[in-house]
Amino acid sequence: MTALTALVAQGESQTLELKKSTAEKERACRTLCGFANRLGGVVVFGVTPAGKWVGQTVTDRTLEELAQEFQGFEPPLLAAMQRVQLPGGLEALVVRVDRAPQAPVSFRGVPYERVLNTTRVMPRHTYQNLLLESVHTSNRWETQAAAGWTISMLDANEIRVTLEESIRRGRCEDPGTRDPLDILRGLGLLTAAGFISRAAVALFCSSEVPSAFSPHFHLRASN
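As structure tokens, this is what we get:
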């Protein structure tokens, strides 16, 4: 509660918005959308924009209505909610979102962004740039699964040596394991589904580089 009080005392900002009650849930969701498209942020229900804690009665119905409102996010947005007890039996609700991994996010079909302490409709060029960035990130050649490759086909010793050198240079903490698969996971070289990525093959294949991979290696070398 102390940390939350200090946060609220700073006032509304690029990552904080204050709402008197969940009656303002629609506008709050627009702001959560804007947070998700930028730096992430927190909405606090039960506090006036001036920073006065007023609280509200929170019932199952209150939470259901909020959950229903959250259905308006596309793609779905993971929001963490915390109930804070206040004097007199009232409560405040704290809703936190991180920057969305799949930005741009829209609410009821409209993308929003947070600029200073204001939420506004995202300009078309910003939306298009975020969309292109998201597509590029999710479809890069090196992040895709290397079909047919398993951990046994990679140079386990080279994987361990790479980890040891990274630790020695202070580039990463010791993960406490020397299992090749765990090391690759820690280095971000597995896909979300746990498959060996093409980047892992490029770095640690123990045999000659497959011909299907060669054009991509040459392209990167030429840069």
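Read in order, the letters of the sequence shown correspond to residues 69 to 291 in this note's numbering. Beta carbons are placed, not taken as given, at the ideal position from N, Cα and C, and that holds for glycine.
Buried or exposed (CB count within 10 angstroms, at least 16 for buried), residue i
i      : result
Lys93  : buried
Pro172 : buried
Pro248 : buried
Ser220 : exposed
For residue i, the first and last residue of its enclosing alpha helix (DSSP H)
i      : result
Pro248 : Pro248 to Gly254
Leu131 : Asp128 to Phe138
Thr99  : Lys93 to Ala104
Thr73  : Thr70 to Ala77
Where residue i sits in the DSSP three-state scheme
i      : result
Met149 : strand
Ser290 : For Ser290, the predicted model reports a pLDDT of 43, less than 50, meaning its position is unreliable; a value from the coordinates is still stated below. Helix at Ser290.
Thr83  : coil
Gly109 : strand
Ala168 : coil
Thr116 : coil
Pro144 : coil
Thr186 : strand
Whole-angstrom distance between residue j and residue i, CA atom to CA atom
i      : j      : result
Gly262 : Arg98  : 34 Å
Asn105 : Ala168 : 6 Å
Leu72  : Glu85  : 13 Å
Thr83  : Thr186 : 10 Å
Gly123 : Val163 : 14 Å
Leu200 : Ala267 : 22 Å
Phe272 : Leu145 : 36 Å
Arg129 : Glu241 : 46 Å
Val178 : Val189 : 7 Å
Gly244 : Ala135 : 40 Å
Rounded distance between the beta-carbons of residue j and residue i, thought under 8 Å
i     : j      : result
Thr90 : Glu159 : Incorrect: roughly 10 Å between the Cβ atoms, too far for contact.
Cβ of residue i within 8 Å of any chain C Cβ
i      : result
Leu258 : This model lacks chain C altogether, as it is built from one protein chain only.
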